[in-house]
Amino acid sequence: MSVTSWFLVNSGGTRHRLPREMIFVGRDDCELMLQSRSVDKQHAVINYEAGTDEHKVKDLGSLNGTFVNDVRIQEQMYITLKLEDKLRFGYDILSLFRSFRPHPSVELYTEILSSKAFFKPRYYYINSYQDANFFPVYYLIIVNCFVNYCV
Numbered sequence: 001m002s003v004t005s006w007f008l009v010n011s012g013g014t015r016h017r018l019p020r021e022m023i024f025v026g027r028d029d030c031e032l033m034l035q036s037r038s039v040d041k042q043h044a045v046i047n048y049e050a051g052t053d054e055h056k057v058k059d060l061g062s063l064n065g066t067f068v069n070d071v072r073i074q075e076q077m078y079i080t081l082k083l084e085d086k087l088r089f090g091y092d093i094l095s096l097f098r099s100f101r102p103h104p105s106v107e108l109y110t111e112i113l114s115s116k117a118f119f120k121p122r123y124y125y126i127n128s129y130q131d132a133n134f135f136p137v138y139y140l141i142i143v144n145c146f147v148n149y150c151v
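Written out as structure tokens, the structure reads:
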């Protein structure tokens, strides 16, 4: 079982996770705030549909428009977004990506199984104070990790 996360990624590589709800895109007081002056205060809306696991974008009558793959979308009309679509709000370009990750309960179960399968506890005894000075704690931790993974 996996959980899908959708992201908008700008040209600089910054990821904006799209929540599973409606969000506004714009300059002021919006869930996705863009700094460009070419973006209106409330430029567009992105709506999530749970039944189809899709996001849809709608332009809110912006001056410079909202574009999907370089095609200007009509005002007040929803367009379904697809993987790797390029969205442009004014002059700001973002790409749509999604990632799959296991459901959190699956991750936890996998972690428990892997920890039982790979970690064999080993104990190191320090016989005297001089040995403790000779083998600092971080050295023993590194040796322990090395022995657990490599032996």
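Following full-length UniProt numbering, the numbering of the sequence shown begins with 1 at its first residue and continues without gaps.
Built from N, CA and C at the ideal position, the CB exists for glycine as well.
This one's a predicted model, so the numbers in the text were calculated from it and none came from an experiment.
Integer-rounded CB distance, given that residue j should sit under 8 angstroms from residue i
{"i": "F7", "j": "R98", "result": "7 angstroms"}
{"i": "V9", "j": "R15", "result": "5 angstroms"}
{"i": "F24", "j": "Q35", "result": "With a Cβ gap of about 15 angstroms, F24 and Q35 do not count as contacting."}
Cβ neighbours of residue i in the same chain (closer than 8 angstroms, five flanking residues each side left out)
{"i": "M22", "result": "V45, I46, N47, Y48"}
{"i": "I73", "result": "V57, K58, D59, G65, T66, F67, I79"}
{"i": "D70", "result": "K86, R88"}
{"i": "S11", "result": "I93"}
{"i": "Q76", "result": "K58, D59, L60, G61"}
{"i": "R20", "result": "Y48, A50"}
{"i": "E84", "result": "S95, L96, F97"}
{"i": "K82", "result": "L96"}
Within 8 angstroms, strictly: CB atoms of residue i and residue j
{"i": "D29", "j": "S62", "result": "no"}
Other residues of its chain near residue i: CB distance less than 6 angstroms, five sequence neighbours each side excluded
{"i": "N64", "result": "S38, G90"}
{"i": "E54", "result": "T80"}
{"i": "R27", "result": "V39, K41"}
Cβ-based neighbour list, residue i, same chain, cut-off 7 angstroms, excluding 5 preceding and 5 following
{"i": "G13", "result": "none"}
{"i": "E31", "result": "I23, F24"}
Extent of the continuous beta strand (DSSP E) to which residue i belongs
{"i": "V45", "result": "44-49"}
{"i": "R66", "result": "First, the residue type needs correcting, since residue 66 is Thr and not Arg in the sequence shown. 66-68 is the extent of the beta strand (DSSP E) around T66."}
{"i": "R88", "result": "86-89"}
{"i": "I23", "result": "23-26"}
{"i": "E31", "result": "Run containing E31: none; DSSP gives neither H nor E here."}
{"i": "D59", "result": "54-59"}
Near the ligand SAM: residue i beta-carbon under 7 angstroms from a heavy atom
{"i": "S62", "result": "In the structure on display, the ligand SAM does not appear, and there are no ligands present to speak of."}
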